[in-house]
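What follows is one structure encoded as structure tokens, with my remarks underneath.
There are 2 protein chains.
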Amino acid sequence: MPEFFNVLPPDDALQVLLGRLGPAQHMGVETIATLDALRRVTAETVYAQDQLPPFPRSAMDGYSLRAADTFGASDGLPAYFNVVGEVPMGAPPAVSVDVGEAATAHTGGMLAEGADAVVMVEYTHRVDDTTIEVSRPVAPGENVVHPGEDLEPGDLILPAGHLLRPQDLGGLMAMGFTEVQVCRRPRVGILAMGDELVSPDHPPGEGQIRDVNTYTIAALVQDAGGTAVPLGIAKDDYPAILAEARRGLELSDVLVFSAGSSVSIRDFTVDVISALGESGVLLHGLALRPGKPTIVGLVAHSGPSPKPVFGLPGNPVSAMIVFDLLVRPTIHHLLGCPGPPPHSTATAELSQDVPSVPGREDHVPVRLDGSGELRTAIPVFGKSNLIFTLIRADGLVRVPLDRSGLYAGEEVEVKLF
Amino acid sequence: MPEFFNVLPPDDALQVLLGRLGPAQHMGVETIATLDALRRVTAETVYAQDQLPPFPRSAMDGYSLRAADTFGASDGLPAYFNVVGEVPMGAPPAVSVDVGEAATAHTGGMLAEGADAVVMVEYTHRVDDTTIEVSRPVAPGENVVHPGEDLEPGDLILPAGHLLRPQDLGGLMAMGFTEVQVCRRPRVGILAMGDELVSPDHPPGEGQIRDVNTYTIAALVQDAGGTAVPLGIAKDDYPAILAEARRGLELSDVLVFSAGSSVSIRDFTVDVISALGESGVLLHGLALRPGKPTIVGLVAHSGPSPKPVFGLPGNPVSAMIVFDLLVRPTIHHLLGCPGPPPHSTATAELSQDVPSVPGREDHVPVRLDGSGELRTAIPVFGKSNLIFTLIRADGLVRVPLDRSGLYAGEEVEVKLF
Numbered sequence: 036m037p038e039f040f041n042v043l044p045p046d047d048a049l050q051v052l053l054g055r056l057g058p059a060q061h062m063g064v065e066t067i068a069t070l071d072a073l074r075r076v077t078a079e080t081v082y083a084q085d086q087l088p089p090f091p092r093s094a095m096d097g098y099s100l101r102a103a104d105t106f107g108a109s110d111g112l113p114a115y116f117n118v119v120g121e122v123p124m125g126a127p128p129a130v131s132v133d134v135g136e137a138a139t140a141h142t143g144g145m146l147a148e149g150a151d152a153v154v155m156v157e158y159t160h161r162v163d164d165t166t167i168e169v170s171r172p173v174a175p176g177e178n179v180v181h182p183g184e185d186l187e188p189g190d191l192i193l194p195a196g197h198l199l200r201p202q203d204l205g206g207l208m209a210m211g212f213t214e215v216q217v218c219r220r221p222r223v224g225i226l227a228m229g230d231e232l233v234s235p236d237h238p239p240g241e242g243q244i245r246d247v248n249t250y251t252i253a254a255l256v257q258d259a260g261g262t263a264v265p266l267g268i269a270k271d272d273y274p275a276i277l278a279e280a281r282r283g284l285e286l287s288d289v290l291v292f293s294a295g296s297s298v299s300i301r302d303f304t305v306d307v308i309s310a311l312g313e314s315g316v317l318l319h320g321l322a323l324r325p326g327k328p329t330i331v332g333l334v335a336h337s338g339p340s341p342k343p344v345f346g347l348p349g350n351p352v353s354a355m356i357v358f359d360l361l362v363r364p365t366i367h368h369l370l371g372c373p374g375p376p377p378h379s380t381a382t383a384e385l386s387q388d389v390p391s392v393p394g395r396e397d398h399v400p401v402r403l404d405g406s407g408e409l410r411t412a413i414p415v416f417g418k419s420n421l422i423f424t425l426i427r428a429d430g431l432v433r434v435p436l437d438r439s440g441l442y443a444g445e446e447v448e449v450k451l452f
Numbered sequence: 036m037p038e039f040f041n042v043l044p045p046d047d048a049l050q051v052l053l054g055r056l057g058p059a060q061h062m063g064v065e066t067i068a069t070l071d072a073l074r075r076v077t078a079e080t081v082y083a084q085d086q087l088p089p090f091p092r093s094a095m096d097g098y099s100l101r102a103a104d105t106f107g108a109s110d111g112l113p114a115y116f117n118v119v120g121e122v123p124m125g126a127p128p129a130v131s132v133d134v135g136e137a138a139t140a141h142t143g144g145m146l147a148e149g150a151d152a153v154v155m156v157e158y159t160h161r162v163d164d165t166t167i168e169v170s171r172p173v174a175p176g177e178n179v180v181h182p183g184e185d186l187e188p189g190d191l192i193l194p195a196g197h198l199l200r201p202q203d204l205g206g207l208m209a210m211g212f213t214e215v216q217v218c219r220r221p222r223v224g225i226l227a228m229g230d231e232l233v234s235p236d237h238p239p240g241e242g243q244i245r246d247v248n249t250y251t252i253a254a255l256v257q258d259a260g261g262t263a264v265p266l267g268i269a270k271d272d273y274p275a276i277l278a279e280a281r282r283g284l285e286l287s288d289v290l291v292f293s294a295g296s297s298v299s300i301r302d303f304t305v306d307v308i309s310a311l312g313e314s315g316v317l318l319h320g321l322a323l324r325p326g327k328p329t330i331v332g333l334v335a336h337s338g339p340s341p342k343p344v345f346g347l348p349g350n351p352v353s354a355m356i357v358f359d360l361l362v363r364p365t366i367h368h369l370l371g372c373p374g375p376p377p378h379s380t381a382t383a384e385l386s387q388d389v390p391s392v393p394g395r396e397d398h399v400p401v402r403l404d405g406s407g408e409l410r411t412a413i414p415v416f417g418k419s420n421l422i423f424t425l426i427r428a429d430g431l432v433r434v435p436l437d438r439s440g441l442y443a444g445e446e447v448e449v450k451l452f
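Sequence order for the protein chains is A and B.
Note that the working numbering has the first sequence beginning at 36, numbered continuously upward.
Note that the working numbering has the second sequence beginning at 36, numbered continuously upward.
Below, the structure is given as structure tokens:
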């Protein structure tokens, strides 16, 4: 049963959709080279198989020796050691130390057989070719990275659903995992609609305008971790749009209609989404400005789970704001990540009053000015059908649902683009 | 003249290097498809050639008409209009309106000839097939996007040195710029050094350890907008390292030595950088923990400008922190961006005291806990030679140069990974 005209604020609308998708739904698993896995999401929990490090490593340059032999050593009364050899880097120790003996140690190298500590070179003094003075005692295990200190077999390396950062790739490589199972990127089809639209490489005729939203949305999809599937421009004609939408659903996991903004096209979009399959339209309209005429749907299709479908407003500003509030978190969810997508934010002082209406969430483009501790957020007003409003802005300020506006001088959080 | 052992804090060290590189130095220009230009940097200022929109567009669904004919209209005394036609989307108006006439208008479509305003459909009532009542007056220009309201010919679209965001790609497409001149990505060579290192796809023998830093650094380079050029593992041998470094400089714009951490390897690195060309080593050592044994150099080579060279500490934690403080901003600078690279941050409350020493800047890995307004930052202590310290952390907290530590309960800014 479609819940038409159930006007929710964007966060609630998102929860309706994600609740229907269920937790941890993703697009399947693929095994890829760890090298290529930056910003991908782990599809399974990864555990250590081996100890790391696998041997006692010196944490310092100096000498490995038996800690007990240094006890009581001081500047005034140093302990003397016979240097019996050196443990070269990357090789097992061919040398062992007994009472009163030491072996040259390099940071990252193995300890000599029989040694249980390393004394830093700074606390030693070379007496002759084979003798050193040690002027400070070391405790057993001091300046040593112990076997398994980084990881023991069975330790968690990374949980499933983890967005891979540079250091995570290093951690996988440390265990020899040169491949990793990740969730497949969701493919997001983008269907532009409108008789007035032409491709950007065509000069527009009278009454025509270049399609802009396909490219902005494709870049936003890429940023969100999805794969954009541009589907071209459909004419304002129900059978044509339905045919293109069906083709788009075959090619994608999520379908975005970049709607013409006229009522007739919005009506087409609702009808098309309903015709694509169950459940059809979940929500039509949001308690949001700009972005009110948004459509959210979910349609059954070939495959185990229904596919999210969005009808974005045609105005570039509205389209981008709704993408950020609904489509981006949906892609992030389908990418296999629990929790909301990360966002860069800045705190700033609002330069002027921003009026709103209680019961509606407003998102206002702002430009940041100044460079001190607290920058100034200057609203970039402009009709939401202007393309350059967002190009002149650095981010968005949210006026919450229960506020009738924000005041000049108020400290606000700016969600940066 | 090399300035050995001139121990500066990291920001000052960066300024020494960038000052030598000069402003707006980048790696040359290439022309690429706008579609592929996300997160690239404009190499030239882009101006509008045409008006946008090129024609008066209706901002609403309704009727275009002469505003003067609506003056005085109200619910009680509506104005009547004869609907003389419709302006279809994407087509020039085949209809013109005279006194008392209106033409159906769609959002984004042209106004009828002779019309100067649009009345929203909500304020009209259809009387019969050809007649409407209008119950509110509109001002001339109301609900119209005027020609050039978005852009006039000659208006700035984007300055040079601008990091391209999704909406910027849309803005370029709106003007028909399907290609854009961007700065070439800096190539960053990564040379791992150490007899103990083996490639991750090889099982390490006794005393050996898998190379991890090459992969973490390569991913960090990618994140920073550069192209990583992994150069493999060089043995602890001066002629071998010098030969590999020379080869690396041919292939890259920036060279990063992922140093073994022992003193001997650091000495090799200093000698190699000096031998590569003028100026050689600029700085050896930073007032930073971890990351003190960092080397920063600049070497003349084939090409118009000297190439930055970094000797990063071998410890994974130190290497990543120094990369973030020095290498990332250098890549960002060479990518053509003025100003520092953007960072995601979170404000959090420190869970425990963090001791430091005045005169040294400390960077402490922290894990974020909680989900409310103010999360808790829990220091992840651990030797900086452990790989998993940073995998278990969400970001870094800086203890400033002039502080002897931070206190439990203090509000801190966490630089997120």
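Think of the CB as a built atom: it goes at the ideal place given N, C-alpha and C, for glycine as much as any other residue.
Query, Result
"Output yes or no for whether 7 Å exceeds the beta carbon distance between residue 276 of chain A and residue 249 of chain A.", "no"
"Nearest chain A C-beta to residue 440 of chain B closer than 7 Å, yes or no?", "no"
"Output yes or no for whether 7 Å exceeds the beta carbon distance between residue 256 of chain A and residue 217 of chain A.", "no"
"Use the C-beta contact count for residue 96 of chain B: other C-beta atoms within 10 angstroms, 16 or more gives buried, fewer gives exposed.", "buried"
"For residue 365 of chain A, which residues of its own chain have a beta-carbon under 6 Å away from its beta-carbon, when the five flanking residues on both sides are left out?", "343"
"On the DSSP bridge assignment, give the partners of residue 479 of chain A in chain order.", "The question about residue 479 of chain A has no answer here: the residues shown for chain A are numbered 36 through 452."
"Mind checking residue 98 of chain A: buried by the 16 CB within 10 Å criterion, or exposed?", "buried"
"Using DSSP's beta-bridge definition, name the partner residues of residue 293 of chain B.", "B:227, B:347"
"Within 10 angstroms of its Cβ, does residue 238 of chain B collect 16 or more other Cβ (buried), or is it exposed?", "exposed"
"Near residue 315 of chain A, which residues of its chain fall below 7 Å by C-beta distance, leaving aside the five closest residues on each side in sequence?", "37, 308, 309, 332, 334"
"Counting along the chain, where does the alpha helix (DSSP H) carrying residue 132 of chain B start and finish?", "No alpha helix (DSSP H) holds residue 132 of chain B; DSSP gives it neither H nor E."
"Using 10 angstroms around the beta-carbon of residue 20 of chain B, count the other beta-carbons present and answer buried if the total reaches 16, otherwise exposed.", "Since the first residue shown for chain B is 36 and the last is 452, residue 20 of chain B is missing from the structure and cannot be characterised."
"Cutting at 6 Å between CB atoms, please list the residues of its own chain near residue 324 of chain A, excluding the five before and the five after it.", "395, 397"
"To be precise: take each residue of the segment 71-85 of chain A, compare its Cβ to all Cβ atoms of chain B, and keep it if any distance is under 7 Å. Which residues remain?", "73"
"Between residue 285 of chain B and chain A, is there a C-beta pair that is closer than 7 Å?", "no"
"Pull out every residue of the segment 376-393 of chain A whose Cβ sits closer than 9 Å to any Cβ of chain B, in chain order.", "377, 378, 379, 380, 381, 382"
"Using DSSP with H/G/I as helix, E/B as strand and the rest coil, what is residue 90 of chain A?", "coil"
"Do you know offhand how far residue 124 of chain B's Cα is from residue 341 of chain B's?", "57 Å"
"Excluding the 5 residues flanking residue 452 of chain B on each side, which residues of the same chain have their C-beta closer than 6 Å to its C-beta?", "430"
"Does residue 58 of chain A come out as helix, strand or coil in the three-state DSSP assignment?", "coil"
"For residue 207 of chain B, which of B:73, B:242, B:54 has the nearest alpha-carbon?", "B:73"
"Going by DSSP, name the residue or residues bridged to residue 117 of chain B.", "B:136, B:166"
"Is there a Cβ from chain B that is less than 7 Å from the Cβ of residue 413 of chain A?", "no"
"Is the beta carbon of residue 180 of chain A sitting closer than 7 Å to the one on residue 350 of chain B?", "no"
"Which two residues bound the contiguous beta strand (DSSP E) that contains residue 67 of chain A?", "64-68"
"Where residue 184 of chain A and residue 393 of chain B are concerned, what is the direct C-alpha to C-alpha distance, given to the nearest angstrom?", "30 Å"
"Please list, in chain order, the residues of the segment 171-187 of chain A that have any C-beta partner in chain B closer than 9 Å.", "180, 184, 185, 186"
"Could you tell me if residue 106 of chain B is buried or exposed, where buried requires 16 or more neighbouring beta carbons within 10 angstroms of its beta carbon?", "exposed"
"If you measure between the beta carbons of residue 137 of chain A and residue 191 of chain A, is that distance less than 7 Å?", "no"
"Would you mind reading off the limits of the alpha helix (DSSP H) that contains residue 281 of chain A?", "273-286"
"Is it a yes or a no for the segment 197-214 of chain B touching the segment 261-269 of chain A, going by three-plus beta-carbon pairs under 8 Å?", "no"
"Return the residue from the list A:377, A:399, A:140, A:294 that minimises the CA-CA distance to residue 178 of chain A.", "A:140"
"Please compile the residues from chain B whose C-beta is within a distance smaller than 9 Å of the C-beta of residue 66 of chain A.", "Near residue 66 of chain A there are no residues of chain B at all, since even the closest Cβ is about 15 Å away, more than 9 Å."
"At the level of alpha carbons, what is the spacing between residue 313 of chain A and residue 363 of chain A?", "23 Å"
"Run the CB neighbour count on residue 40 of chain A, radius 10 Å, all protein chains shown included, and call it buried at 16 or more, exposed below.", "Interpretation of residue 40 of chain A is limited by its pLDDT of 48, a score under 50 that renders its predicted location unreliable; no figure is taken from the coordinates."
"Residue 244 of chain A touches chain B at which residues, Cβ-Cβ below 9 Å?", "87, 88, 89, 90, 92, 125, 143, 209"
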